[in-house]
Amino acid sequence: MERRKFLQQGTLAGLSTLALGSTATAMHCATENEHAGKTFNLNYAPHDGMFKNSAGAGFLDQIQFMYDQGFRAIEDNGLMKRDPAEQEKIGKLLSKLGMQMGVFVIDGGDNWKVSLTSGKQEFKDAFVKECKRALETAKRVNAKWATVVPGYFERNLPIGVQTAHVIEAFRMGANVLEKEGLVMVMEPLSDNPDLFLRTAEQSYGICKAVNSPSCKILYDIYHMQRNTGNLIPVMEMCWDEIAYIQIGDNPGRKEPTSGEINYKNIFKHLHKKGFKGILGMEHGNAYPGKEGEQALIKAYRESDDFL
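Residue numbers for the sequence shown follow my numbering, beginning at 181 and rising by one.
Right under this line is the structure:
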């Protein structure tokens with residue numbers, strides 16, 4: 181082949197490649213723009229700090245950013261520690277945007293030590309007091325769910341006796357919460373081996389014993405993967421007592437697609453069941469900065485694309 185023709189053909193090929201690349205980039209941007217602000221198939225709930233690089237440090241600004249990205253719920257574990265005036269502002273903004281409030285944590289300071297398992301009256305009294313205070317918090321933000329944990333094992337007592345103590349305490353709390361329709365969702369955890377409540381099956385038995393519409397299960401997929409696995413079958417066994425679900429991939433407790441859990445399949449299963457509740461995004465970001473926050477949103481778009 182003559183050198184001139186070779187160069188000409190090479191130039192044309194290069195231009196074609198550039199054109200195709202530009203087209204692909206344009207299509208990718210168009211797809212991202214198409215999804216921007218579109219609601220998800222399921223109701224995922226971010227938390228304070230998840231989008232601080234994109235929206236700023238203020239939680240109200242972050243909530244507005246979450247809404248603009250298509251999220252329609254939030255959760256805030258530390259809500260009860262916020263000033264009532266700030267709680268009111270959060271509630272008003274959520275109402276204005278048509279967003280839901282997910283869980284906040286009921287914690288009188290006894291969640292991370294031996295407490296309700298011991299059966300001691302001082303812990304039961306403190307728990308009931310916090311449940312009453314939680315009702316006032318819930319009213320300000322129109323919350324329907326609050327997380328509870330019974331604390332650590334009491335190693336000096338048989339497991340059956342500890343379980344009975346937890347059931348008794350949760351019955352007392354449920355009696356308070358039922359009056360206003362607030363549901364406490366007990367969360368089995370995997371953070372350390374001292375925690376009493378560890379599996380959904382264990383929580384299921386306690387729910388049946390408490391026998392209250394205000395005592396249900398928070399099924400945190402991250403913790404359940406670490407403690408038991410078999411995620412969908414166990415979820416099915418306990419389904420009639422599960423009121424709230426949380427998300428986190430394993431290992432690392434970051435967004436879906438960052439670890440081993442097939443979240444697209446789990447989300448598809450939940451959608452097929454007709455789940456209309458909130459899925460709390462109780463995890464960190466796999467990558468830092470604004471880029472990491474955009475990557476997180478992209479991961480949710482990918483995992484939510486199951487229809």
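Just so it is clear, CB atoms sit at the ideal spot from N, CA and C, and this is done for glycine as well.
Nearest candidate by alpha-carbon position, reference L487, set N465, I477, K444 | Looking at the Cα atoms, K444 is the closest of the given residues.
Where W419 sits in the DSSP three-state scheme = helix
So what's Q280 in DSSP terms, helix, strand or just coil?
-> strand
Hey, would you say N489 sits closer than 8 angstroms to L274, going by beta carbons?
-> Any property of residue 489 remains undetermined from this structure, which presents the chain solely from 181 to 487.
Own chain partners of K293 with C-beta closer than 7 angstroms, once the 5 adjacent residues on each side are dropped = G331, Y332
Smallest Cα separation from G258: which of Q244, K218, G229, K272?
-> G229
Buried or exposed: E302, going by 16 or more other Cβ atoms within 10 Å of its Cβ?
-> exposed
Ignoring anything shorter than 4 residues or poking outside the stretch 274-331, list the alpha helix (DSSP H) runs there in chain order.
-> 301-321
Neighbour-count burial assignment, A265, 16 or more Cβ in a 10 Å radius = exposed
Three-state class that DSSP yields for I397 in the structure shown = strand
Please report how far the alpha carbon of F447 lies from the alpha carbon of D484, in whole angstroms.
-> As the crow flies, the alpha-carbon of F447 is around 7 angstroms from that of D484.
Going by beta carbon distance, what residues of the same chain come within less than 6 angstroms of G288, once the five residues before and after it are set aside?
-> The beta carbon of G288 sits closer than 6 angstroms to those of A306, E310, all from its chain and outside the five residues before and after it, given in chain order.
Can you tell me whether DSSP reads L375 as helix, strand or coil?
-> Note: L375 maps to strand in three-state DSSP.
Take I458 as the anchor and find which of L398, D429, N442 has the nearest alpha-carbon.
-> When C-alpha distances from I458 are compared across L398, D429, N442, the shortest belongs to L398.
Using the beta-carbon count (16 or more within 10 Å), is T219 buried or exposed?
-> exposed
Using the rule of at least 16 other Cβ atoms within 10 Å of the residue's Cβ for burial, across every protein chain shown, is A237 buried or exposed?
-> exposed
Beta strand (DSSP E) containing Y443: first to last residue?
-> No beta strand (DSSP E) holds Y443; the alpha helix (DSSP H) holding it covers 443-453.
What are the start and end residues of the alpha helix (DSSP H) that includes Y247?
-> 239-248
Among all the DSSP beta bridges, which residues are the ones paired with V363?
-> W325
Beta-carbon contacts of A206 that lie in its chain and below 6 angstroms, excluding the five residues immediately before and after = Per-residue confidence for A206 stands at a pLDDT of 46, beneath the threshold of 50, marking its modelled position as unreliable; the derived number appears in the next sentence. None.
CB-CB under 6 angstroms to F312, same chain, minus the five flanking residues each way: which ones, in chain order?
-> Residue identity differs from the one stated: residue 312 is Lys in this sequence, not Phe. Apart from the 5 residues on each side of it in sequence, K312 sits with its Cβ closer than 6 angstroms to the Cβ of V356 in its chain, given in chain order.
Excluding the 5 residues preceding and the 5 following K269 in the sequence, name in chain order all residues of the same chain whose CB lies nearer than 8 angstroms to its CB.
-> L240
Are the beta-carbon atoms belonging to E334 and S298 less than 8 angstroms from one another?
-> It is a contact, given that the beta carbons lie within the stated cut-off.
Is the stretch 401-412 close to the stretch 362-379, with three or more CB pairs under 8 angstroms?
-> yes
Find the nearest neighbour of F455 within the set G439, M415, Q474, judged by alpha-carbon distance.
-> Nearest option by C-alpha distance: M415.
Sorted by chain position, which residues of the same chain lie with C-beta nearer than 6 angstroms to A543's C-beta, five sequence neighbours on each side aside?
-> This structure leaves residue 543 out entirely; the chain is present only between 181 and 487.
What's the C-alpha gap between V328 and S394?
-> 11 angstroms
Between the beta-carbon of C418 and the beta-carbon of Y384, is there less than 8 angstroms?
-> yes
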